[in-house]
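What follows is one structure encoded as structure tokens, with my remarks underneath.
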Amino acid sequence: MSDADIISAMRRKAGVGRPPPDVQPMSPAKALRLAMAKAAEDTIGLVLQVTEVVEERSAISRLPGQVPDNALLSLLEGPNNAYGLAVWDKNAVSAIVEQQTTGKVLNLPPEDRPPTSTDAVMCSELCNQVLRQFETHVAEVADPPEVAGFHVAAQLREARSIAIAFDDVPYRLYRVSVKLGRGGREGEVFFVFPYAAPKPKTLDEGAGDFSSTFQNVVMKSEARLDTVLHRVRLTLADVTSLTEGMMIPIPREALSRVELRADDRLVSRARLGQINGKRAVRVVLCVEGEDEEDLNGDMFGAGDMGGLSGPSDFPALSGMGDMAGDDLPDLGDLPAMGDLPAMGDLPPLGGGDLPPLGDLPPLGGMDDGEGFPAMGELPPLE
49 MSDADIISAM
59 RRKAGVGRPP
69 PDVQPMSPAK
79 ALRLAMAKAA
89 EDTIGLVLQV
99 TEVVEERSAI
109 SRLPGQVPDN
119 ALLSLLEGPN
129 NAYGLAVWDK
139 NAVSAIVEQQ
149 TTGKVLNLPP
159 EDRPPTSTDA
169 VMCSELCNQV
179 LRQFETHVAE
189 VADPPEVAGF
199 HVAAQLREAR
209 SIAIAFDDVP
219 YRLYRVSVKL
229 GRGGREGEVF
239 FVFPYAAPKP
249 KTLDEGAGDF
259 SSTFQNVVMK
269 SEARLDTVLH
279 RVRLTLADVT
289 SLTEGMMIPI
299 PREALSRVEL
309 RADDRLVSRA
319 RLGQINGKRA
329 VRVVLCVEGE
339 DEEDLNGDMF
349 GAGDMGGLSG
359 PSDFPALSGM
369 GDMAGDDLPD
379 LGDLPAMGDL
389 PAMGDLPPLG
399 GGDLPPLGDL
409 PPLGGMDDGE
419 GFPAMGELPP
429 LE
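Each residue of the sequence shown is one higher than the one before, starting from 49 at the first, in our numbering.
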């Protein structure tokens, strides 16, 4: 064999003339594969393998029907008031929680329950890291989708809230199938982004309508109203002795003098009732000149305490008897008026002929303190 043949054989073994390996260019699906695997490993040490990524265009009306049962819905906030959505099914949520609490994904099937706020907090860091990694990798695409700047903002409790929180515009849906943990628990994750980024308004467009825009923003702000049915004053001893099942009566007139308060200020009065089988209040405007002093006088009157269920319910009032007045003796037990002497038997008052003060009996015992109960007989002030 000549030297040329030996060199030719060595070149064949080295792969000379072999076509280069087929390296797929970066795409949104590939970027999402890399982002989820790397984010899971770096954030919580979870082994996550993406088996399939499906990208589709969807409408807001179709999204609620595509959400799995008991899935975690994370509202994503982006630039220019753009909103997205991250959906983690119960298998993915349980795997993330188990990895952080036990250090591994258990072989037991996940519990079929709605996600809690604790689940949302434990999944938020991983979700944010996936979004950042996805933004970095997808930037290598020739025409990247608008997915930059999104982060977890809040948890949506129900799938029907999607139609309320999102505008009716086209959305880009990424449906990702994953395997979690070394046991390969299968899960599904959705990422939803606006198909086209919203265009920000220029200054010239909004300058002429600033007043109405500002008014709309203010009028859409949250206003909290507190409903106060009745108030009573109790001592600290009575409050600490309250137990489950004890009754604190409310006077009937309180039903027509319900307060509506904002920031602890009286806004209006209302009447408590019902409509369609549910409790409701009918707003009644306050009388002009009614102030907080009148209000406090009505709501904190001493008569309010007369309807308590009895001193036996409050140990601090056990020595005072019943203040309601139902157990007082009848007036018939008093001596009859006929036993009193007739008015004619009284001596005349003429001329001021009153007996001198010296004829009065002496107030004996006053110097020695007799005739008055000893201080020790009074109940203690404790």
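Quick reminder that beta carbons are idealized off the backbone N, C-alpha and C, glycines included.
Quick check on K431: buried or exposed, where buried means 16 or more other Cβ atoms within 10 Å of its Cβ? Residue coverage of the chain in this structure runs from 49 to 430, which leaves residue 431 outside it and unanswerable.
Going by CA-CA distance only, name the one from S142, T261 and G235 that's closest to T99. G235
C-alpha gap between V102 and A196, whole angstroms: 19 Å
Just how far apart, CA to CA, sit A207 and P127? 23 Å
Taking buried to mean at least 16 other C-beta atoms within 10 Å of its own C-beta, is N264 buried or exposed? exposed
Pairwise C-alpha distance: A328 and V280: 22 Å
Cβ neighbour criterion (16 or more within 10 Å) applied to N139: buried
In its own chain, which residues sit with a C-beta less than 6 Å from the C-beta of F241, not counting the 5 before and 5 after it? G132, V195 and R220
Could you give the DSSP three-state label for T275: helix, strand or coil? strand
Residue burial classification, L174 (beta-carbon count within 10 angstroms, cutoff 16): buried
The segment 162 to 179 in contact with the segment 197 to 204 per 3-pair CB rule at 8 Å: yes
Between which two residues does the alpha helix (DSSP H) holding L303 run? Careful: L303 lies outside any alpha helix (DSSP H) and carries neither H nor E.
Excluding the 5 residues preceding and the 5 following L123 in the sequence, name in chain order all residues of the same chain whose CB lies nearer than 6 Å to its CB. A201, A202 and L204
With DSSP collapsed to three states, give me the class of V89. Sequence check: residue 89 is Glu here, not Val. Helix, per DSSP.
Compute the Euclidean distance between the alpha carbons of R161 and F214, then round it to the nearest angstrom. 25 Å
How many angstroms separate the CA atom of L228 from the CA atom of V178? 15 Å
Taking just the CA atoms, how far does V266 sit from A310? 16 Å
Proximal residues to P158 (C-beta, below 7 Å), its chain only, five neighbours per side dropped: K138, N139 and S142
Test item: CB-CB of V153 and V135 under 7 Å: no
Report the partner residues of R317 according to the DSSP bridge assignment. E307 and V332
Neighbour-count burial assignment, M295, 16 or more Cβ in a 10 Å radius: exposed
Evaluate Q322 with the Cβ neighbour count: other Cβ atoms within 10 Å of its Cβ, from every protein chain shown; 16 or more gives buried, anything less gives exposed. exposed
Quickly, what does DSSP pair Q97 with across the bridge? List them, please. K227
Rounded to a whole number of angstroms, what is the C-alpha to C-alpha distance between S109 and D216? 8 Å
For E173, report the span of its alpha helix (DSSP H) as first-last. S165 to V186
Between which two residues does the alpha helix (DSSP H) carrying P112 extend? L111 to Q114
What whole-angstrom Cβ distance do V189 and M74 have, given they're in contact under 8 Å? 5 Å
Counting along the chain, where does the alpha helix (DSSP H) carrying V145 start and finish? K138 to T150
Got a sec? Which residues, its chain only, sit under 7 Å from T184 by beta carbon, not counting five neighbours each side? none
Return yes when the Cβ of V186 is within less than 7 Å of the Cβ of A79, no when it is not. yes
Please state whether the Cβ-Cβ distance between P112 and I210 is less than 7 Å. yes
If you draw a straight line from the alpha carbon of R233 to that of N129, how long is it in whole angstroms? 36 Å
Could you check if E104 is buried or exposed, using at least 16 other CB atoms within 10 Å of its CB as the buried criterion? exposed
In terms of alpha-carbon separation, which member of V315, P299, D286 and V332 lies closest to H17? No answer is possible for residue 17: it lies beyond the span of the chain, which begins at 49 and ends at 430.
Secondary structure at F262, three-state DSSP: helix, strand or coil? helix
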